[in-house]
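Colleague: In my numbering, each number is its position in the sequence shown, counted from 1, plus 4.
Just so you know, even glycine gets a beta-carbon here, dropped at the ideal spot from N, CA and C.
If you scroll down you'll find the structure; I have some questions about it.
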Amino acid sequence: MTQTPDVLWRPRPGTTSELTRFADRLRGRGVDLPDYEALRTWSVENLDEFWLEAWRHFDLLTSTELHRALVEDTMPGAIWFPEVATNYAAAVLRLPGRTDDDTRGTGPLNTWAAVESGTSMVDASLGGLGGEPSAVEQNRSGETGNVATEDLVVALERAGVATEIDVPALREAGRLQERMTGVSSRARVLRTGSGLGAPT
5 MTQTPDVLWR
15 PRPGTTSELT
25 RFADRLRGRG
35 VDLPDYEALR
45 TWSVENLDEF
55 WLEAWRHFDL
65 LTSTELHRAL
75 VEDTMPGAIW
85 FPEVATNYAA
95 AVLRLPGRTD
105 DDTRGTGPLN
115 TWAAVESGTS
125 MVDASLGGLG
135 GEPSAVEQNR
145 SGETGNVATE
155 DLVVALERAG
165 VATEIDVPAL
175 REAGRLQERM
185 TGVSSRARVL
195 RTGSGLGAPT
């Protein structure tokens with residue numbers, strides 16, 4: 005005789021999933037998707053519309069109004085959200101998560117406060133390494149700076165953090181990128197011996 009396992013968790017009555025809320029949003033826009041398979045099929049057959057609606061549903065931060073999600077759909081080389089410049093950290097940290105299972109909300113909120121605090125410290129520390137403030141460059145506020153990958157790797161190596169990244173090869177890749185694109189890298193280690201490390 006086979007025993008039926010106990011159900012470990014059931015949603016509270018009246019609750020709906022985020023996927024259901026998304027499908028309801030689409031229904032309100034005239035796209036009727038009666039079940040998961042219909043939603044999945046629609047999402048892969050209507051990539052541009054699906055990703056625009058997903059972006060809007062989750063109210064992600066954008067630098068401008070969205071008109072297209074996918075410009076070129078050939079792979080490799082697909083071009084996604086060409087009109088958008090976004091700060092992913094700001095988008096993720098903008099709202100606390102749901103606290104359905106904690107009536108007080110103190111556990112998740114305390115965790116959220118710690119994540120926000122830690123993220124701010126990391127962001128400020130990276131800016132202190134010599135990143136150029138993108139808030140000035142791109143006319144956006146709330147950002148400390150951007151640090152070139154090469155500079156960050158060298159700083160970690162000098163701090164004794166074994167990244168297992170071949171620093172000379174990384175510098176050469178940066179130089180190659182400059183030659184191929186004609187765009188100067190922001191990596192200080194490619195220019196001078198000052199700051200984070202001397203070029204090899």
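#1: Hey, how far is the Cα of Asp52 from the Cα of Trp59?
#2: Hey, quick one: how far does the alpha helix (DSSP H) through Val48 stretch, first residue to last?
#3: Compute the beta-carbon to beta-carbon distance between Leu174 and Glu161, rounded to the nearest angstrom, for a pair I have assumed lies under 8 Å.
#4: For Glu57, which of Glu41, Ser67 and Leu74 has the nearest alpha-carbon?
#5: Over what stretch of residues does the beta strand (DSSP E) that includes Glu76 continue unbroken?
#6: Measuring alpha carbon to alpha carbon, tell me which of Thr78, Glu182, Ala82 and Thr68 ends up nearest Asn91.
#7: Please work out which residues of its chain come closer than 7 Å, Cβ to Cβ, to Leu12, disregarding the five sequence neighbours upstream and downstream, and give them in chain order.
#8: Got a sec: is the Cβ-Cβ distance from Gly178 to anything in chain B below 8 Å?
#9: How should Ala191 be labelled, buried or exposed, when 16 other C-beta atoms within 10 angstroms of its C-beta is the threshold for buried?
#10: Give the DSSP-derived three-state secondary structure of Trp55 in the structure shown.
#11: Leaving out five residues before and five after Ile83 in sequence, what residues of the same chain have Cβ atoms less than 8 Å from its Cβ?
Modeller: Short version:
#1: 11 Å
#2: Tyr40 to Glu49
#3: Contact doesn't hold; Cβ gap of about 10 Å is too wide.
#4: Leu74
#5: Leu74 to Glu76
#6: Thr68
#7: none
#8: Among the chains in the structure shown there is no chain B, since it carries only a single protein chain.
#9: buried
#10: helix
#11: Leu74, Val75 and Glu76
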